[in-house]
Amino acid sequence: MSKEISDPTSNGDILDWMHALGKQRDQIVPDFDIEQTMRFVRAIRDISAGEAAAVNFWNALTTADQGDLVSAAQKQTFHAGSVLMREGERAETVMVILDGHVKVRVDDQGRERVIADRRPGDVIGESGAEPGGVRNATVVATEPVLALVLTTENYRAFVSEHPDLPLIVKQQTWDRTTDPNPGA
Amino acid sequence: MNADPGAPPAPARGPGDIEQLAREISPRLLRVAFRILGNREDAEDAVQNAWAKGMRHVSGLTAWDKQCAFMVCVVVNEAKQLIRKWNRKPKVLGVEGEESAHIYDDVVQHLDAKEKLWLVWRAIDRLPDVRRDVTALYMAGCEYGEIARMLGIHVSTVRSHISNARKDLRQALPGIWEGKPE
Chain A
22 MSKEISDPTS NGDILDWMHA LGKQRDQIVP DFDIEQTMRF VRAIRDISAG
72 EAAAVNFWNA LTTADQGDLV SAAQKQTFHA GSVLMREGER AETVMVILDG
122 HVKVRVDDQG RERVIADRRP GDVIGESGAE PGGVRNATVV ATEPVLALVL
172 TTENYRAFVS EHPDLPLIVK QQTWDRTTDP NPGA
Chain B
32 MNADPGAPPA PARGPGDIEQ LAREISPRLL RVAFRILGNR EDAEDAVQNA
82 WAKGMRHVSG LTAWDKQCAF MVCVVVNEAK QLIRKWNRKP KVLGVEGEES
132 AHIYDDVVQH LDAKEKLWLV WRAIDRLPDV RRDVTALYMA GCEYGEIARM
182 LGIHVSTVRS HISNARKDLR QALPGIWEGK PE
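Chains A and B are the protein sequences, given in the same order.
Going from the first sequence to the working numbering is simple: count from 1 and add 21.
Going from the second sequence to the working numbering is simple: count from 1 and add 31.
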């Protein structure tokens, strides 16, 4: 089949060559798992639907900024119980939770202590995003989680392109540290 | 895909409707993205990104056909953005499975074919709005009638846009585009 497709660079018309290639591809479109897309759509919808009440990282962004963030990130799912980040390890990613909940815990003289409960719309791992940063807490999924995952490098680039962002992160960090019942 | 454009569902208004709209048209969007990108992972990425970017706007549109047309355009744009990312990475324009090897061979037989194809996409990006979307869908392998249905425009308009796009692209890519005689 592919041999019927002419050289795009020597037979004149790249537009028609690409058209023919697209038609070829149409013959082999795979069976997509639409539910993956639906989970993502529901997650975005639900975070935005709670916009009036929920103050979080995602809702503090403009629609354009949210788009930029999605473009810069990879989407990743985690099973319940998965460790998303581990205390003491080098920080290589920053995540924005789209669906599901996580617990943030620290090692307190050999005992695990939960210091925060993060939910859809929250950013996690941003405090270690500076070059050479390490995790100061462990993050565990308490249920299946869908997250946007950025490398720390991409996160820093995103922040530098969005000057208002540090204030949003600062606010969320403040909320986190002043949460009277963080494990709830 | 809505098989009968003469009887479209009501436009999506609320959160539940967005889910319904997404369920109805995402298969079409995934197909379009796959035709452009040639692999499953990037096609899913393009469609999900498109929903993230277009959800707010699409729920404000007043007709189902307009919602579809809008989302098709957003997906095409996302697919182009992904191709732009490919150009920064060692990845080729290809397709999944066994076919990919053949088409890959065809492409790499020709010096810097990938770069030339990227130049074509970049030139398409610079076309006027509707012409750009029509041309991108044609490059995705869609026929005139299919493009007309997806974008809610007349077939003759599609034909006209493609004809003009050939002229525009030939001018924009003099070293690459030989062009067929009109």
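In this text, a Cβ means the ideal position worked out from N, Cα and C, and glycines have one as well.
Taking CB atoms only, residue 173 of chain A has no neighbour in chain B less than 9 Å away. The beta carbon of residue 169 of chain A is closer than 7 Å to those of 90, 91, 94, 96, 116, 117, 119 in its chain, skipping five residues each way along the sequence. Residue 87 of chain B belongs to the set of residues whose beta carbon lies under 9 Å from a beta carbon in chain A. Taking 9 Å as the threshold, the shortest C-beta distance from residue 166 of chain B to chain A falls below it.
In summary, residue 88 of chain B is exposed, with fewer than 16 beta-carbon neighbours lying within 10 Å of its beta-carbon over all protein chains present. Contact check for residue 161 of chain B against residue 200 of chain B fails: the beta carbons are separated by 9 Å or more. Here DSSP, grouped into helix, strand and coil, assigns residue 158 of chain A to coil. Under DSSP, residue 64 of chain A forms no beta bridge with any residue. In the three-state DSSP reduction, residue 111 of chain A falls in the strand class (E or B).
Any Cβ of chain A closer than 9 Å to the Cβ of residue 80 of chain B would place that residue at the interface, and such an atom is present. Excluding residues up to 5 positions away in sequence, 61, 64, 65, 68 lie with their Cβ nearer than 7 Å to the Cβ of residue 74 of chain B in the same chain. Scanning A:128, A:58, A:64, A:151 for the CA closest to the CA of residue 72 of chain B turns up A:58. Taking 9 Å as the CB threshold, residue 135 of chain A stays off the interface with chain B. Looking at A:139, A:138, A:134, A:160, the one whose alpha-carbon comes closest to that of residue 110 of chain A is A:160.
Runs of the alpha helix (DSSP H) lying entirely within the region 148 to 207 of chain B and spanning at least 4 residues, in chain order: 160 to 170, 175 to 182, 186 to 203. At a cut-off of 9 Å between C-beta atoms, residue 130 of chain A does not count as an interface residue with respect to chain B. For the 9 Å CB-CB criterion, residue 154 of chain B and residue 110 of chain B do not form a contact.
Of all residues in the region 56 to 70 of chain B, only 57, 58, 61, 62, 65, 66, 67, 69 place a beta-carbon less than 8 Å from a beta-carbon of chain A. Secondary structure at residue 73 of chain B: helix, using DSSP grouped into helix, strand and coil. Under the DSSP assignment, residue 136 of chain A falls in the beta strand (DSSP E) whose first and last residues are 132 to 139.
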